[in-house]
Ligand code: GLU
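Numbering (our numbering), first residue to last: 40 to 342.
1. Is the beta carbon of residue 274 within less than 7 Å of some heavy atom of the ligand GLU?
2. Which value, in whole angstroms, describes the spacing of the CA atoms of residue 163 and residue 207?
3. Enumerate in chain order the residues of its own chain whose CB-to-CB distance from residue 79 is below 6 Å, with the five nearest sequence positions on each side excluded.
4. Within the same chain, show all residues whose beta-carbon is closer than 7 Å to that of residue 333, passing over the 5 residues directly before and after it, in chain order.
5. Is there contact here, the segment 99-111 with the segment 49-64, by at least three beta-carbon pairs under 8 Å?
6. If residue 310 sits next to residue 291, beta carbons under 8 Å apart, how far is it from one beta carbon to the other, in whole angstroms?
7. Return the CA-CA distance between residue 318 and residue 108, expressed in angstroms with no decimal places.
8. Can you list, in chain order, the residues of its chain whose CB lies under 7 Å from that of residue 284, leaving out five sequence neighbours each side?
9. Between which residues of its own chain and residue 76 is the CB-CB distance below 8 Å, once the five residues before and five after are set aside?
10. Going by beta carbon distance, what residues of the same chain come within less than 7 Å of residue 274, once the five residues before and after it are set aside?
11. Quick check on residue 283: does DSSP put it in helix, strand or coil?
12. Just verifying my parser: in three-state terms, what is the DSSP assignment at residue 335?
13. Is it the case that the segment 222-241 contacts the segment 62-71, given that we only count it when at least three CB pairs across the two stretches are under 8 Å?
14. Residue 148 and residue 166 - do their beta-carbons sit closer together than 8 Å?
15. Do you know whose CA, among 137, 133, 286, 72, lies nearest residue 105's CA?
16. Near residue 196, what residues of its chain come up, given a Cβ to Cβ distance below 7 Å and the 5 sequence neighbours on each side ignored?
17. Apply the 10 Å Cβ neighbour rule to residue 245 and answer buried if 16 or more other Cβ atoms are within range, or exposed otherwise.
18. According to the Cβ coordinates, are residue 220 and residue 211 closer than 8 Å?
19. So for residue 143, helix, strand or coil by DSSP?
20. Roughly how many whole angstroms lie between the Cα atoms of residue 325 and residue 72?
21. The ligand GLU heavy atoms versus the CB of residue 51: any closer than 7 Å?
22. Could you check where the beta strand (DSSP E) with residue 238 kicks off and where it finishes?
23. Helix, strand or coil, according to DSSP, for residue 262 in the structure here?
24. Mapping the DSSP letters down to three states, classify residue 116 as helix, strand or coil.
25. Taking contact to mean at least 3 C-beta pairs separated by less than 8 Å, is the segment 174-186 in contact with the segment 132-145?
26. Could you give the DSSP three-state label for residue 288: helix, strand or coil?
27. Would you list the one or two residues that DSSP bridges to residue 177?
28. In chain order, which alpha helix (DSSP H) runs of at least 4 residues are fully inside the segment 144-230?
29. Could you check how far apart the C-beta atoms of residue 268 and residue 321 are, in whole angstroms? I think they sit under 8 Å.
30. Label residue 304 either buried or exposed according to how many other C-beta atoms from any shown protein chain fall within 10 Å of its C-beta, with 16 as the threshold for buried.
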């Protein structure tokens with residue numbers, strides 16, 4: 040008989056601004072999925088991209104999650120304190136010949152094709168060695184040919200030819216910071232995360248993360264990508280689109296709206312009930328099968 044791994048989920052916000060309705064969806068979906076299976080649920084602050092993050096925003100996110108009644112297991116993990124782990128992973132890949140130094144500047148790549156996520160597809164310039172007289176700026180993963188496929192628990196089968204669509208992607212940036220793609224994979228593996236439940240805006244990143252997991256010999260977690268919340272202009276709620284903070288809204292109302300957004304059917308009046316009752320209902324009735332498959336849906340008016 041094979042041992043069944045205990046379920047471990049996580050919420051991993053980037054502290055670039057206050058917690059908005061869109062991030063509550065990822066927090067709630069990941070938490071309820073793990074808890075409804077008797078699993079653990081972790082909180083990790085993804086402040087690896089230091090120039091875009093602030094500790095005030097991170098503290099605000101933690102406080103808002105507490106005020107909404109979220110309870111995570113163990114201490115909060117901060118990516119800014121985990122550089123050594125990312126360095127060690129990069130070193131492993133370097134020893135295995137899976138990464139290469141790249142001298143290309145953004146300007147030099149301005150003519151390459153656009154990848155699906157809007158970044159430039161890497162044309163392979165430094166793949167076989169740095170051009171004479173140039174020095175390393177970034178480190179990239181050598182992406183082999185072939186399609187990466189996975190079964191998303193909400194979106195169904197997803198596939199991507201990463202070599203064709205993205206090309207060799209950056210793991211250590213020219214500014215000396217580790218890329219999100221590497222940090223997230225190392226952190227999830229080290230924490231024993233078995234399922235990643237997050238917004239569908241990250242669906243395009245998942246094949247890259249699976250490639251990294253395979254190269255580093257990590258298990259591949261299960262994935263479920265939730266619809267993201269959009270404003271009336273159809274833009275994903277984010278700091279850039281001026282999403283409003285949920286701090287200040289009645290916590291039970293926010294949770295009940297998030298449950299409704301995620302296809303659950305909270306009973307009338309639950310938003311007026313005590314917060315603990317909302318959580319009891321949510322844990323007892325969570326059903327991933329009810330989450331809409333759309334990649335985006337309109338957010339409530341206050342968001
Ligand atoms: N830090 C990412 C964000 O806030 C989420 C990363 C993840 O869930 O893998 O968009």
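Glycine residues also receive a C-beta, built at the ideal position from the N, C-alpha and C atoms.
Inspection of the coordinates gives the following:
1. no
2. 7 Å
3. 47, 112
4. 266
5. yes
6. 5 Å
7. 8 Å
8. 57, 58, 59
9. 46
10. 280
11. Three-state DSSP puts residue 283 in coil, outside helix and strand.
12. Three-state result, residue 335: strand.
13. yes
14. no
15. Checked all of 137, 133, 286, 72; the closest Cα to residue 105 is 286.
16. 188, 190
17. buried
18. No. Outside cutoff.
19. coil
20. Computed Cα separation, rounded: 7 Å.
21. yes
22. 234-238
23. When secondary structure is reduced to three states using DSSP, residue 262 falls in the strand class.
24. strand
25. yes
26. Assigned with DSSP and collapsed to three states, residue 288 falls in strand.
27. 141
28. 201-204, 219-229
29. No, residue 268 and residue 321 are not in contact; Cβ-Cβ is about 18 Å, not under 8 Å.
30. When all chains shown are included, residue 304 counts as exposed.
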